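Novice: What follows is a structure written as C-alpha cells; I'll ask about it next.
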C-alpha cells in the first residue's frame, strides 16, 4: 500500500492542470481507504460576484411564473424532472422525507448564469418576448443560510443534462417526388383526425386509424398496383370518393351489401305487388 501511494505521489505536479491533479489525489486516497470512499474536494468560485448577484435575485426569476398562478415553480420543476431522471427522483424522495420529519422545508433557489437583470427562469414557462441569445446554465442551488461566494466551497453536483428550447414557430411542408413530364399526382393522402379534441394525439387512436385504413384498403376491389396497369382509371378514381357509412337511409354507403339489399327488397316488393289478383 505504501509503495502504491509513493508511486502515485511521485506523479503529482503542483503546477499542472488542476482537474487532472485533483483526480490523482482522489485516486491516491481511494487507494488507501478503498474505491467506495467518497471525497468531496474544496474549491473557490472564479466568478463569485456574478453568482452572488444571481443568488440575490433568485426570487426575481420566478416573478412571471408566479403571475401565471404557479405557487411553487421550483417544486413543480423538481417533481416533473424526478419522473424521468433517476438521480432527480432520489433527490425528490430525500426532499419529501426531510419535509415530513422537519419543521423547515428543504427548499432550493433557482439560479441562472450568465446573470442578467429582470431575467426569467427558463426551467418553467417564460414570456413569449424573451430573447434567448446565448447558452444559459439554469440550476437549483441548495445552500446554507450563511452562503458566501467569497469563501472556500464544497458541494455535490447531483445531476446535469442539456436541453434545447424549441422555437414557438417552425416552417414545415410536405414534399413528394415530381417526375415531369410523365408525373401524376398522388392517388391518396391519409388525413388522420383525432376522434377526441384533447389538443394532442393519443397513440392508440393514431395507430388504430392507420390499421383501419389498411384493412379497408384491402377490402376494396382495386389495388394500387392495378391502377398503374390501367391508365384510364387514373382519371376516374379521384372522383370516386365517399365517406364510409353503415347507415341504410341517411347517406350513400360504400358498403355495397346494403345497397344490394335495398335493391333486392324493392324488386321483391314490386314482384309481390304485381302478382296480387
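Residue numbers (my numbering): 4 to 280.
Where is the CB? At the ideal position from N, CA and C, for every residue including glycine.
These numbers come from a predicted model, not from an experiment.
#1: Based on Cα-Cα distance, which residue from 63, 108, 140 lies nearest to residue 147?
#2: What residues in its chain sit with their C-beta under 6 Å from that of residue 126, if we drop five residues either side in the sequence?
#3: Would you grab the beta carbon distance between residue 116 and residue 57 for me? Rounded to a whole angstrom, and I think it's under 8 Å.
#4: Alpha carbon to alpha carbon, what distance is there between residue 30 and residue 23?
#5: Could you tell me the boundaries of the alpha helix (DSSP H) in which residue 33 lies?
#6: Would you tell me roughly how many angstroms separate the C-alpha atoms of residue 52 and residue 136, rounded to the nearest one?
#7: Within the continuous alpha helix (DSSP H) that includes residue 77, where are the two ends?
#8: In angstroms, rounded to a whole number, what distance separates the CA positions of residue 220 and residue 214?
#9: Could you check the C-alpha separation between residue 20 and residue 167 for me, to the nearest Å?
#10: Would you call the segment 35-51 in contact with the segment 93-101, where contact means no fewer than 3 C-beta pairs closer than 8 Å?
#11: Please report the straight-line C-alpha distance between residue 83 and residue 231, rounded to a whole angstrom.
#12: To which residues does DSSP link residue 114 through a beta bridge?
#13: Kindly indicate which three-state DSSP category residue 40 falls into: helix, strand or coil?
#14: Are the CB atoms of residue 130 and residue 123 nearer to each other than 8 Å?
#15: Using a Cβ-Cβ cut-off of 8 Å (strictly less than) and excluding sequence neighbours within five positions of residue 150, which residues of its own chain qualify?
#16: Could you say which of 36, 61, 138, 46 lies nearest to residue 159 if we only look at CA atoms?
#17: By a C-beta neighbour count over all protein chains shown, 10 Å radius and 16 as the cutoff for buried, is residue 196 buried or exposed?
#18: Figure out for me which residue from 165, 145, 194, 206 has the closest Cα to the Cα of residue 157.
#19: May I ask you to report which of helix, strand or coil DSSP gives residue 104?
#20: DSSP three-state label for residue 46, please.
#21: Looking at the ligand SAM, does it come within less than 7 Å of residue 231, judged from the CB to the closest heavy atom?
#22: Using the three-state DSSP reduction, which class does residue 218 fall into: helix, strand or coil?
#23: Could you tell me the distance, in whole angstroms, from the CA atom of residue 69 to the CA atom of residue 105?
#24: Take the Cβ of residue 174 as the centre, count every other Cβ of all protein chains shown within 10 Å, and call the residue buried at 16 or more, exposed below.
#25: Suppose the cutoff is 7 Å on Cβ atoms and the five residues either side in sequence are ignored; what does the same chain contact list for residue 133 look like?
#26: Around the C-beta of residue 113, are 16 or more other C-beta atoms found within 10 angstroms, so that it is buried, or is it exposed?
#27: Would you kindly check if the distance between the Cβ of residue 111 and the Cβ of residue 143 is under 8 Å?
#28: When you compare only the Cα positions, how much space is there between residue 33 and residue 62?
Specialist: By the coordinates alone:
#1: Of 63, 108, 140, the residue nearest in Cα terms is 108.
#2: 80, 141
#3: 6 Å
#4: 11 Å
#5: 21-36
#6: Separation of residue 52 and residue 136 (C-alpha to C-alpha, rounded to the nearest whole angstrom) is 22 Å.
#7: 76-85
#8: So the alpha carbons of these two residues sit roughly 10 Å apart.
#9: 31 Å
#10: no
#11: Straight-line Cα distance between these residues: approximately 53 Å.
#12: 142
#13: DSSP, read as helix, strand or coil, puts residue 40 in coil.
#14: yes
#15: Only 58 meet the Cβ criterion.
#16: 46
#17: exposed
#18: 145
#19: helix
#20: Residue 46 falls in the strand class under three-state DSSP.
#21: This structure lacks the ligand SAM, and indeed carries no ligand of any kind.
#22: Residue 218 falls in the helix class under three-state DSSP.
#23: 26 Å
#24: exposed
#25: 123
#26: buried
#27: yes
#28: 41 Å
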